[in-house]
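Scroll down for the structure; my scribbles are underneath it.
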Amino acid sequence: AIGEEFFSLLELVIKEGEKINPGDRLELRADKRIKFIKRKLSLQDLTNMARSALENTIEEIINKHEHKFVNFFNHATMVTPRMHQFELLPGIGKKHVGNILKERNIKPFESFEDIEKRVKLMTNPIKIIKKRILEEMQGNEKYYLFVLRARPHRRY
Numbered sequence: 037a038i039g040e041e042f043f044s045l046l047e048l049v050i051k052e053g054e055k056i057n058p059g060d061r062l063e064l065r066a067d068k069r070i071k072f073i074k075r076k077l078s079l080q081d082l083t084n085m086a087r088s089a090l091e092n093t094i095e096e097i098i099n100k101h102e103h104k105f106v107n108f109f110n111h112a113t114m115v116t117p118r119m120h121q122f123e124l125l126p127g128i129g130k131k132h133v134g135n136i137l138k139e140r141n142i143k144p145f146e147s148f149e150d151i152e153k154r155v156k157l158m159t160n161p162i163k164i165i166k167k168r169i170l171e172e173m174q175g176n177e178k179y180y181l182f183v184l185r186a187r188p189h190r191r192y
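Going by this note's numbering, the final residue of the sequence shown carries number 192, and the count climbs one at a time with no gaps.
Right, here's the structure in full:
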């Protein structure tokens, strides 16, 4: 299972006799088919088939929550005095950042289509966001924009 809010990967144990299909939406606390959450998964725990399905699922989540991601383009700020959050997105450099900031100051973005139309050379923001989410899910990033940061496993 994948969380829609922070893209958390979870292994669920289903009650006997119950059936869940790939792509089903589940409410973790309310769904009676779930027995318990076995563990949190990393991207490396997934099979190749599960990884390819994950990419499609992430894209569906991005489309479903378009407003949230467009809002990111409207409200992103500096991460450090020299680096903007936009620069963390794959394929976006200083010139793109300047174009995005100029366009959003004129008028806030309303949709992905609006971003594509108004920002020069910006192709498919959904693909860019999906790529960033997959990078963050690997857990090797210094800054996280969309995925809940994995805490190091400590034993005391």
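The beta-carbon is built from N, C-alpha and C at its ideal position, and this holds for glycine as well.
Under DSSP, V155 forms no beta bridge with any residue. Secondary structure at L137: helix, using DSSP grouped into helix, strand and coil. Counting along the chain, the unbroken alpha helix (DSSP H) around R168 starts and ends at 161-173. T116 is bridged by DSSP to M119. Its Cα nearest to that of E95, the residue I164 stands out among I164, K178, L181, E172. Scanning the region 52-128 for uninterrupted alpha helix (DSSP H) segments of 4 residues or longer gives 84-100, 102-111, listed from N- to C-terminal end. In terms of Cα proximity to K55, the closest of S44, F43, I70 is I70. Between R168 and L124 the beta-carbon gap is near 7 Å, inside 8 Å, which marks them as a contact. Fewer than three pairs of CB atoms, one per stretch, sit closer than 8 Å, so the region 102-115 makes no contact with the region 80-89.
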